[in-house]
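The numbers in the numbering used here rise by one with no breaks, and the one at position 2 of the sequence shown is 2. Cβ coordinates follow ideal geometry from the N, Cα and C atoms, glycine included. Every value quoted in this text rests on a predicted model; they were computed, and no experiment measured them.
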Amino acid sequence: MLKNISFFIGHRGTRIGYDENTLKSFEIALNSGANYIEFDVRKTFDNELVIFHDSKVDRITTSKGLLENFTYPEIAHIRFKLTSSHIPTLNEVIEMFRSRIKFIVELKSENIREKVIKTINNHNLLKDCVISGRNLYELKIIKQSYPESCVCYNITKGKGLNLKDFMKQGNDRNLHFIPDLISLHSKMITQDFIEICHKNDILALSWDFIEYENPFEVIKGLIEMGIDGILFDNHRNIKLTKHWLTKINQLS
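Here it is as C-alpha cells:
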C-alpha cells in the first residue's frame, strides 16, 4: 500500500487555463480537491501586501514594470491577460478562503516577514498557514518568535543552506535549524533527499511540473518514492492523483 500524501497543494492556485495567483485560480484549486493553496506575497511601493509571483508584472498582465514601483491604487487597476482578473491582496485572499482551505504563504519581497505574520494573526489563522521562503534565517526567526508556526524552506535556490550541505548535515543529524517542511524542484528530488528529510522529521514537498510532457507520471513516481506533498501546477492532476491513490490502495 502506498502512503497517501498529506499535501495536495494548488501551486499559485493553478497555472493551467486560468491566471495564476488570482481568486479564480484559488477557487479552481479548492474545487479540484486541493487542501492547500500556495501563493506568493510581495509589497507595493506604499507597503500593501499583494499576491504576485514575479518581481515584474510584464509576463502575465497587460502592464509593465517592477511591482514594487507601483502603489496599491495603481496595482488595483492592473489586469491579468487571460481573464482580466485583478491582483488580490493578502487580506482579500484570507477573508475569501479562510475556513475553506489552508495556505502556504511564500515570502517573495524583502522585509515583509513581520507584516505578513501580523496580517495572518489579525485573522487568527497562523495555525492554518505554512510560511514558506528561500531565506532560512528568516524562517528561523519566525519559528523562534512563533513556536506554533509551521515553516517551509524552499531549498532549491535557498539562502542559508544549500542542497549539498543539507544532505550531508541531515544524514549526520547535524542540522543547525530544522524547518517543518522542505520544498525542492521536481527535477532535483531523489530517494536519498526524501529519506534524509524523514530522518530529521521534515516533510518533503516537490514543485514545478509544468514543462513535463506527462507531469502526472512524474508525480506518481515521486509519490512512490515517498514524497509528502505536491505543488500541482495543473488543477486537473489533483483529482487524477487522488483517484490513482485510491485505486492503488484498494488493490493492495
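Note the first and the last residue of the continuous alpha helix (DSSP H) segment covering Lys127.
Numbered from its first residue, the sequence shown carries residue 127 at position 127. No alpha helix (DSSP H) holds Lys127; DSSP gives it neither H nor E.
Report yes or no: do the region 58 to 77 and the region 96 to 106 share at least 3 C-beta pairs separated by less than 8 Å?
At 8 Å Cβ cutoff, the stretches do not touch.
Mapping the DSSP letters down to three states, classify Asn111 as helix, strand or coil.
Position 111 of the sequence shown, counted from the first residue, corresponds to residue 111. DSSP places Asn111 outside both helix and strand once states are collapsed to three, so it counts as coil.
For Val57, I'd like the list of residues in its chain whose CB is within less than 7 Å of its CB, leaving aside the five on either flank, ordered along the chain.
As a first step, residue 57 is located in the sequence shown; it is residue number 57 there, counting from the start. Excluding positions up to five away in sequence, the list reads Ser63, Lys64, Gly65, Leu67, Ile78.
Closest Cα partner of Lys140 within the set Met188, Arg113, Ile238
On the sequence shown, residue 140 is found 140 positions in, with the first residue counted as 1. For the residues Met188, Arg113, Ile238, the minimum Cα distance to Lys140 belongs to Arg113.
Just list the beta strand (DSSP E) runs in the region 147 to 212, keeping only unbroken ones of 3 residues or longer that don't cross its boundaries, in chain order.
When DSSP assignments are scanned along the region 147 to 212, the uninterrupted stretches of beta strand (DSSP E) that are 3 or more residues long and fall wholly within it turn out to be 150 to 154, 181 to 185, 203 to 207.
Per-residue burial, Asp172 [other beta carbons within 10 Å of its own, 16 or more giving buried]
Within the sequence shown, residue 172 is the residue found at index 172, counting from 1. By the neighbour-count rule (16 or more Cβ atoms within 10 Å), Asp172 is not buried but exposed.
Would Phe7 and Gly229 qualify as a contact pair, given that the criterion is a beta-carbon distance under 9 Å?
Along the sequence shown, read from residue 1 onward, the residue named residue 7 stands at position 7. Along the sequence shown, read from residue 1 onward, the residue named residue 229 stands at position 229. A contact, by the Cβ cut-off of 9 Å.
Coarse secondary structure for Gly133, derived from DSSP in three states:
On the sequence shown, residue 133 is found 133 positions in, with the first residue counted as 1. Residue state, collapsed to three classes: strand.
Candidates Thr190, Glu195, Lys108: which alpha carbon is nearest Lys157's?
Numbered from its first residue, the sequence shown carries residue 157 at position 157. Just measuring C-alpha positions, the residue of Thr190, Glu195, Lys108 sitting nearest Lys157 is Lys108.
Given a threshold of 16 other Cβ atoms within 10 Å of its Cβ, counted over all protein chains shown, does Pro147 qualify as buried or as exposed?
As a first step, residue 147 must be located in the sequence shown, where it is residue number 147. So Pro147 ends up on the exposed side.
CA nearest to the CA of Ile94, picked from Ile182, His198, Glu110, Val50:
Along the sequence shown, one-based indexing puts residue 94 at 94. Measuring C-alpha to C-alpha distances from Ile94 to each of Ile182, His198, Glu110, Val50 identifies Val50 as the nearest.
Span of the alpha helix (DSSP H) holding Lys247?
On the sequence shown, residue 247 is found 247 positions in, with the first residue counted as 1. Its alpha helix (DSSP H) spans residues 236 to 251.
From the DSSP output, read off the bridge partner residues of Lys56.
For this step, residue 56 is matched to residue 56 along the sequence shown. Beta-bridge pairing links Lys56 to Leu66.
Does the distance from the C-beta atom of Tyr153 to that of Ile182 stay below 9 Å?
Within the sequence shown, numbered from 1, the residue matching residue 153 stands at position 153. Within the sequence shown, numbered from 1, the residue matching residue 182 stands at position 182. Cβ distance < 9 Å, so Tyr153 and Ile182 count as in contact.
For Ser145, the nearest candidate out of Lys118, Ile87, Ile155 (CA to CA):
Counting from one through the sequence shown, the residue named residue 145 turns up at place 145. With distances taken between Cα atoms, Ser145 lies closest to Lys118.
How far does the beta strand (DSSP E) with Lys43 in it extend, from its first residue to its last?
Along the sequence shown, read from residue 1 onward, the residue named residue 43 stands at position 43. Counted as a single uninterrupted DSSP element, the beta strand (DSSP E) harbouring Lys43 occupies residues 36 to 43.
Using DSSP with H/G/I as helix, E/B as strand and the rest coil, what is Lys102?
Position 102 of the sequence shown, counted from the first residue, corresponds to residue 102. Strand at Lys102.
Cα-Cα separation, Asn237 to Ile219
Mapped onto the sequence shown, residue 237 falls at position 237. Mapped onto the sequence shown, residue 219 falls at position 219. Straight-line Cα distance between these residues: approximately 9 Å.
Rounding to the nearest angstrom, what Cα-Cα distance links His11 and Pro179 in this structure?
Working through the sequence shown from its first residue, we reach residue 11 at position 11. Working through the sequence shown from its first residue, we reach residue 179 at position 179. Spanning the two alpha carbons is a distance of roughly 20 Å.
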